[in-house]
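Each residue of the sequence shown is one higher than the one before, starting from 432 at the first, in my numbering.
Where a beta carbon is used, it is the ideal one built from N, C-alpha and C, also for glycine.
Owing to the predicted nature of the structure, the values given are computational and were not obtained by experimental measurement.
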Amino acid sequence: MSVATFNETPWIANVYFVHDEELHLYFLSKSTREHCQAIDKNAHVAVAITDSHQPINKPQLGLQVYGTAQKVNMLEKIEWMFKMWNTLVAGQSDERLENPKAFLEAGRSTIYKITPHRIKFFNTKLWPDEQTKVWERE
């Protein structure tokens, strides 16, 4: 997922993510990174999610999102995110996340939650004529 932020200048970063049933997106990053420092100043973010290996002439799938980001510091939510991360991301690498309480206390990395306000879904196979659908949070 690419996350675009804006502080004094625009910035974009690629991060691994998980999502919940309410369409919130979660990512883990060091709080010293430029995109994290920008979120501390300006919570508005834009996100793009796609598979960069999609052939240009095949059905294209992806999302563009506008929303707000915030730090997650509730132990219960971090435990859930660790479980999702270890299931979805760590299975492809050996970067397992352990001990959510120690993670919170160490403060080196932060989990961010993005609440989408608008999502534009791209799916040229499902919607060959209009190609996109838009969802907005009420």
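C-beta atoms of V476 and A435 nearer than 8 angstroms: Taking C-beta atoms as the reference points, V476 and A435 count as a pair closer than 8 angstroms.
Close-in-space but distant-in-sequence residues of the same chain around T541 (CB under 7 angstroms, 5 per side omitted): Taken in chain order, the residues that qualify are S460, S462, C467, K502.
Pick from W442, E439, F458, L454 that is closest to W516, judged by C-alpha positions: Nearest C-alpha to W516 among W442, E439, F458, L454: F458.
Those residues which DSSP pairs with I509 across a bridge: None, per the DSSP bridge assignment.
Rounded straight-line distance, which links the Cα of K472 to that of N438: So the two alpha carbons sit approximately 6 angstroms from each other.
Whole-angstrom distance between G493 and P559, CA atom to CA atom: For P559 and G493, the distance between alpha carbons rounds to 14 angstroms.
Pairwise C-alpha distance: Q495 and N488: Taking the straight line from one Cα to the other gives about 20 angstroms.
Local conformation of A477 per DSSP, three classes: In the three-state reduction of the DSSP assignment, A477 falls in the strand class, which pools E and B.
Bounding residues of the alpha helix (DSSP H) (the contiguous stretch that carries I487): Careful: I487 lies outside any alpha helix (DSSP H) and carries neither H nor E.
Rounded separation between M512 and P547 - CA only: In this structure, the CA atom of M512 is about 17 angstroms from the CA atom of P547.
Where the beta strand (DSSP E) containing E567 begins and where it ends: Run containing E567: 563-567, per the beta strand (DSSP E) assignment.
Buried/exposed call for L557, threshold 16 Cβ in 10 Å: Counting the other Cβ atoms within 10 Å of the Cβ of L557 gives fewer than 16, which makes it exposed.
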